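K.L.:
Just so we're aligned, residue 209 is where the sequence shown starts under the numbering used here, counting upward by one. Note that beta-carbon positions come from the ideal geometry of N, C-alpha and C, so glycine has one too. Please read these numbers as outputs of a predicted model, since none were measured by experiment.
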Amino acid sequence: MPVQNKDIAEIFSRIADLLDIKNENPFRIRAYRQAAQMISGLSRNVRDMVDEGKDLSSLSGIGKDLAGKIETIVRSGNLPQLKKLEKEVPGELIDLMQLPEMGPKRVKKLYHELGIDSLGALKKAALNHKIRELEGFGEKTEDKIVQSVERWQSAGGEKRFLLIEAEQVVEPLIKMLREIEGVREVEVAGSYRRRKETVGDLDILVTRRKGTPVMERFAEYEDVKEVVAKGEAKTSVRLRSGFQVDLRVFEKSSYGAAMVYFTGSKDHNVSLRKMAKKENLKINEYGVFRGDKSMAGETEASVYEILGLQWIPPELRENRGEIEATQKGELPELITLEDMQGDLQCHSKASDGKDTIEDMAKAAKEKGYNYLAITDHSKRVSVANGLDADRLRRHMEDIDQVNEQLGGIHVLKGVEVDILKNGKLDLPDDVLEKLDVVVASTHYYRDLPRKEQTERIIRALDNPHVHILAHPFGRIINKRDPIDMDFEKILEAVKERNCFIEINAQPDRLDLSDVHAKMAGEMGIKLTISTDAHSMNGLNHMKWGVAQARRAWLTAEDVLNTRSWRNVKKLLKRD
Ligand code: DGT
Ligand code: CA
Ligand code: CA
Ligand code: ZN
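Below is the structure:
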């Protein structure tokens, strides 16, 4: 992948972090940080500027030295200085920086004052309460550090990437592969194809005319940092972004069997193998065989068919009952992006969004939506400039005005009202009752005991003006654990009160998870899928929410906002 501004910015900010840990000259550190910031905010592509021979030192904060470094990065994809620095900093200090609580300042302090240079040492010090005594840490941070280290270690130390991060990396790669003369099929299998919320590594399958130099071109790809293994049937590389990618070449006659095998999941494959065994068949990545005779393998459908099954959508291949459902002819008709008729959570400039109500509405109209709910934060979320009752009333007038001027889309008056510690809402009833849509969510008091947390949320649902419980667990993938609550009780409360529960489509939230969303669907609760967009672009995140809904076995019928506003409005009535 050609070097993007964000790659250059990442390298500079990493250099700044490493210099910082090493206690180097603060001016130099700041120069790298500012350059990183400037470049990531730049609308022009720096790579193009280099290609066109433009003088980079015309950019603010870029002198001759940094200009030269940018050119090196653009040409080679890397910077020798960074490699050198990475070697100079004690081994695991770099790993320590991956924890969400850790920046260079903290890592430095821990290293210089307590001699902590590894995750193990960090955890030990935290458990012995050595860390809370350091200036700038405290008891809470100490607890969080223990949790983060444990989460990191239980993930085997291997980072799992967000699905969206995987997409950004793999899309240009498969485009390059597809353009090679002689290449036929190129698909990504594995967890990526199953649309799992996080992806460990990427598994690409290829068919090609004999003699096509697929492996060579793959190993030479610009984004490759290191070739881990290179063979005729399989090549593995490590990309600069940290992803490992396995590429496998198959014959046309085996391609379907290979897709089934490498799409997985492993548990799904094990069930398929058991079924095959019963029929005296053998199944592997090359096909389905009776003795030596190949019975199926060219397409996925042929593999499933010979086992007496219908083709199963990849999102369902988790061995959660999909095989039994196919046998009974009860596979759900999964929701698609095209089913979505509106978005029920987004933010405008009135709180922490970047764009105006009008621009958000126009962007939603452009998508062909029938409605968009503007749901800015309430006052408790002061960091997001949340609305109090007076501001909300004026904000509602602003929405009326956009509706009058724009047309062609219903802009709904909404709010994301904060659930306070005692379960009361952050805004008075007389203003909530005037809104089209009330989305309730928690942003504080995440550490309440399970029982209290559950009761608090149910209490909020008791308020007759609440329609939707948004991002129920409040998790941020890889960063913030879900809150502890009795989810079944919550679901019962949602159902009893004719409320709805959200799948938040933000790619690092995806909250509900697939398993929790499936539970809701099985209880007959309707869900919403909302982007929680903070800009016009953010509305594009709908597809991640839909993918999560598919993994949860949901149909269009199960999701509220596959309906027109006229029908949604009827269903929002709680009695
Ligand atoms: P990931 O990469 O951790 O996000 O998850 P996957 O599902 O992509 O797993 P990966 O990359 O280890 O392997 C890709 C697929 O290959 C996996 O979903 C199923 C298949 N596979 C891998 N190892 C085995 C195995 O030992 N037995 C069977 N039956 N299938 C396997
Ligand atoms: Ca994989
Ligand atoms: Ca793999
Ligand atoms: Zn929120």
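Considering only heavy atoms of ligand 1, does any lie closer than 8 angstroms to the CB of residue 719?
P.N.:
Checking every heavy atom of ligand 1 against the Cβ of residue 719, none is found closer than 8 angstroms.
K.L.:
In the DSSP output, what is residue 585 paired with across the bridge?
P.N.:
For residue 585, which the question treats as bridged, DSSP gives the partners 624.
K.L.:
Between the segment 435 to 448 and the segment 488 to 501, do three or more beta carbon pairs fall short of 8 angstroms?
P.N.:
The segment 435 to 448, when compared against the segment 488 to 501, does not touch it at the 8 angstroms Cβ threshold.
K.L.:
Whole angstroms are fine: how far does the CA of residue 670 sit from the CA of residue 359?
P.N.:
Taking the straight line joining both Cα atoms gives about 35 angstroms.
K.L.:
For the alpha helix (DSSP H) containing residue 324, list its first residue and its last residue.
P.N.:
First-last for residue 324: undefined, no H or E at that position.
K.L.:
Taking its Cβ as the centre, do 16 or more other Cβ atoms sit within 10 Å of residue 731, making it buried, or is it exposed?
P.N.:
Exposed, by the Cβ-count rule.
K.L.:
Starting from residue 737, follow its DSSP beta bridges and name the residues at the other end.
P.N.:
In DSSP, residue 737 forms a bridge with 711.
K.L.:
On the three-state DSSP scale, how would you describe residue 662?
P.N.:
It is helical.
K.L.:
Can you give the Cα-Cα distance for residue 534 and residue 509, rounded to whole angstroms?
P.N.:
Answer to the nearest angstrom: the Cα atoms are 13 angstroms apart.
K.L.:
Below 9 angstroms between beta carbons: does that hold for residue 729 and residue 739?
P.N.:
Not a contact, by the Cβ cut-off of 9 angstroms.
K.L.:
Any heavy atom of ligand 4 within a distance shorter than 8 angstroms of the CB on residue 678?
P.N.:
Residue 678 Cβ: within cutoff of ligand 4.
K.L.:
What does DSSP give as the partner residues of residue 452 in its beta bridges?
P.N.:
DSSP lists 446 as partners of residue 452.
K.L.:
Does ligand 4 have even one heavy atom less than 8 angstroms from the beta-carbon of residue 740?
P.N.:
Checking the Cβ of residue 740 against ligand 4 gives yes.
K.L.:
Could you tell me whether any non-hydrogen atom of ligand 2 is closer than 8 angstroms to the CB of residue 494?
P.N.:
Every heavy atom of ligand 2 is 8 angstroms or more from the Cβ of residue 494, so no.
K.L.:
Go ahead and pull the three-state DSSP assignment for residue 671.
P.N.:
Coil.
K.L.:
Could you please go through the chain and list the residues whose beta-carbon is closer than 7 angstroms to any non-hydrogen atom of ligand 2?
P.N.:
Taking each Cβ in turn, the ones that pass are 398, 399, 400, 407, 408, 409, 410 and 411.
K.L.:
Is residue 446 near ligand 1 - that is, is its Cβ less than 8 angstroms away from at least one heavy atom of it?
P.N.:
No - ligand 1 has no heavy atom lying nearer than 8 angstroms to the Cβ of residue 446.
K.L.:
Give the single residue among 318, 368 and 335 whose Cα lies nearest to the Cα of residue 344.
P.N.:
Selected option, being the one with the closest Cα: 318.
K.L.:
Does the separation of the CB atoms of residue 710 and residue 678 fall below 9 angstroms?
P.N.:
Result yes, Cβ atoms of residue 710 and residue 678 sit closer than 9 angstroms.
K.L.:
Using three-state DSSP, classify residue 251 as helix, strand or coil.
P.N.:
Here residue 251 sits in coil by DSSP.
K.L.:
Is residue 651 near ligand 4 - that is, is its Cβ less than 8 angstroms away from at least one heavy atom of it?
P.N.:
Indeed, a heavy atom of ligand 4 lies less than 8 angstroms from the Cβ.
K.L.:
In or out: residue 335 buried (at least 16 other Cβ within 10 Å) or exposed?
P.N.:
It counts as exposed.
K.L.:
Of the choices 214, 316, 211 and 777, whose alpha-carbon is the least far from that of residue 228?
P.N.:
Among 214, 316, 211 and 777, the Cα nearest to that of residue 228 is on 316.
K.L.:
Taking Cβ positions, are residue 769 and residue 545 nearer each other than 9 angstroms?
P.N.:
For residue 769 and residue 545, no; Cβs fall outside 9 angstroms.
K.L.:
Would you say the segment 369 to 380 touches the segment 394 to 411, given that touching needs at least three Cβ pairs under 8 angstroms?
P.N.:
Contact between the segment 369 to 380 and the segment 394 to 411 is present, because at least three Cβ pairs lie under 8 angstroms.
K.L.:
I need the straight-line Cα distance from residue 491 to residue 267, nearest angstrom please.
P.N.:
Spanning the two alpha carbons is a distance of roughly 59 angstroms.
K.L.:
Compare the Cα-Cα distances from residue 644 to each of 650, 608 and 309 and report the closest residue.
P.N.:
The candidate whose alpha carbon is nearest that of residue 644 is 608.
K.L.:
State the start and end residues of the unbroken beta strand (DSSP E) segment that holds residue 434.
P.N.:
Residue 434 -> beta strand (DSSP E) spans 432 to 438.
K.L.:
Would you mind sorting residue 416 into buried or exposed? The rule is 16 or more other CB atoms within 10 Å of its CB.
P.N.:
When all chains shown are included, residue 416 counts as buried.
K.L.:
Any chance the CB of residue 320 is under 8 angstroms from a heavy atom of ligand 4?
P.N.:
Residue 320: no, Cβ never under 8 angstroms from ligand 4.
K.L.:
Taking the alpha-carbon of residue 452 as reference, which of 747, 467 and 400 has the nearest alpha-carbon?
P.N.:
Residue 400 is the option with its Cα nearest to residue 452.
K.L.:
Under 6 angstroms Cβ to Cβ from residue 353, same chain only, skipping five residues before and after it: list those, please.
P.N.:
Taken in chain order, the residues that qualify are 309 and 334.
K.L.:
From residue 647 to residue 672, what distance separates their C-alpha atoms?
P.N.:
Distance between the alpha carbons of residue 647 and residue 672: 12 angstroms.
K.L.:
Please report the distance separating the alpha-carbon of residue 404 from that of residue 284.
P.N.:
Each residue's alpha carbon lies about 33 angstroms from the other.
K.L.:
So what does DSSP say about residue 469, is it helix, strand or coil?
P.N.:
Correct three-state label for residue 469: helix.
K.L.:
Given 8 angstroms as the limit, is there contact between the segment 763 to 779 and the segment 528 to 543, that is, 3 or more CB pairs closer than that?
P.N.:
They touch, by the three-pair rule.
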